[in-house]
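For reference, the structure is listed below as structure tokens.
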Amino acid sequence: MAVSRGRFIQGVAIFIIVASTAIAAWLHFGPASGSGGGIPAITVGGPFELVNHNGGTVTDADFRGKFMLIFFGYTYCPDVCPTGLGIMAEALDILGPGAGKVVPIFISIDPKRDTPERLKEFVTNFHPRLVGLTGSPAQVSAVANAYRVFFAKVNPKEGEDPDNYAMAHANFTFLMGPDGENRTIFNGGTSPQEMAKRIKKFIY
Numbered sequence: 002m003a004v005s006r007g008r009f010i011q012g013v014a015i016f017i018i019v020a021s022t023a024i025a026a027w028l029h030f031g032p033a034s035g036s037g038g039g040i041p042a043i044t045v046g047g048p049f050e051l052v053n054h055n056g057g058t059v060t061d062a063d064f065r066g067k068f069m070l071i072f073f074g075y076t077y078c079p080d081v082c083p084t085g086l087g088i089m090a091e092a093l094d095i096l097g098p099g100a101g102k103v104v105p106i107f108i109s110i111d112p113k114r115d116t117p118e119r120l121k122e123f124v125t126n127f128h129p130r131l132v133g134l135t136g137s138p139a140q141v142s143a144v145a146n147a148y149r150v151f152f153a154k155v156n157p158k159e160g161e162d163p164d165n166y167a168m169a170h171a172n173f174t175f176l177m178g179p180d181g182e183n184r185t186i187f188n189g190g191t192s193p194q195e196m197a198k199r200i201k202k203f204i205y
């Protein structure tokens, strides 16, 4: 019995959400390095080299001295990404002048379709300071792995346009400190008000 594409996408998405939630819980509540359990804590984040929406090469070092608010997704995303970026943008508005300490970043997990030109058109719909980042498949996989972000390509049905695929992915926003270290992780259900409230604790 054939499984419909919609049900397959749903299954993959559920797996990614469960796996990502487990990782997020471990990041916050798992034993620290050197604890009695003897298991080092999982870290999130790390060096990266990508291309911004203006076509320039950037690295994580370019953002030192600023907080990074990072969301992973893709421009053809029908719901999760627009919602997540909308929440991010509203949280920055709530922060007011303090938002100047934070660089909002959207990292594409779909390098084949998300060119710098496509990203530039997309990110300007959400916030004037939102930075869109893409790169080669290897670069994107490396940064996603560093942030423990799970994603999977869901191919279209046989006979359909091969470029009309979907991407199932985790729904988290990461706040990284001026030193590049993770400060906190927001899940997809976080409101703009709660996000702004938690960010304030770190930037002031």
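Using my numbering, the first residue of the sequence shown is number 2, and each one after it goes up by one.
Cβ coordinates follow ideal geometry from the N, Cα and C atoms, glycine included.
Keeping to the same chain, check which residues put their C-beta closer than 6 Å to that of residue i; ignore five residues upstream and five downstream.
i    : result
A90  : F127 and H128
D162 : none
P79  : none
Determine the closest residue to residue i out of the options, with distance taken between C-alpha atoms.
i    : options                 : result
M177 : V104, G99, D80 and N55  : V104
L93  : D164, I71, I110 and V81 : I71
I200 : G97, D115 and N165      : G97
I1   : P157, Y148 and D162     : Here the chain has residues from 2 to 205 only, and residue 1 is not among them.
T116 : T76, P157, P48 and I204 : T76
P112 : D164, R130 and G85      : D164
M196 : A100, P48 and G47       : A100
G47  : N183, F203 and K198     : N183
K158 : Y166, F152 and F151     : Y166
D180 : V45, G66 and G56        : G66
Leaving out the 5 sequence neighbours to the left and right, which residues in its chain are closer than 7 Å to residue i when beta-carbon positions are compared?
i    : result
Q194 : I95
K102 : K67, F68 and I204
Between residue i and residue j, what straight-line distance do the alpha-carbon atoms span, to the nearest angstrom?
i    : j    : result
M168 : G74  : 8 Å
P83  : F68  : 22 Å
N146 : L86  : 21 Å
S142 : T125 : 25 Å
K202 : I106 : 20 Å
F151 : K198 : 27 Å
P1   : I110 : This structure does not reach residue 1, given that the chain is present from 2 up to 205, and the question cannot be answered.
G160 : F64  : 44 Å
A153 : Q140 : 16 Å
T44  : V144 : 13 Å
G56  : R130 : 16 Å
Within a Cβ cutoff of 8 Å, which residues of the same chain sit near residue i, ignoring the five residues on either side of it in sequence?
i    : result
S192 : I88
V81  : G74, H170, N172 and G189
R114 : Y75, T76, Y77 and D164
Inset, instruction - Starting from the N-terminal side, write out each stretch of the beta strand (DSSP E) that is 3 residues or longer and does not extend beyond the segment 32 to 112. - result: Within the segment 32 to 112, the complete beta strand (DSSP E) runs of at least 3 residues are 50 to 53, 58 to 60, 68 to 74 and 103 to 109.
Legend entry - Cβ pair count under 8 Å reaching 3, the segment 46 to 55 against the segment 131 to 143: At 8 Å Cβ cutoff, the stretches touch.
Inset, instruction - Would you check if the segment 184 to 193 and the segment 157 to 175 touch, i.e. whether three or more CB-CB distances between them fall below 8 Å? - result: yes
Inset, instruction - Pick out the complete beta strand (DSSP E) segments inside the segment 114 to 151, 3 residues or longer, and give them in chain order. - result: 132 to 135
Legend entry - Given 8 Å, three or more beta-carbon pairs between the segment 58 to 72 and the segment 109 to 125: no
Inset, instruction - Pick out the complete alpha helix (DSSP H) segments inside the segment 174 to 200, 4 residues or longer, and give them in chain order. - result: none
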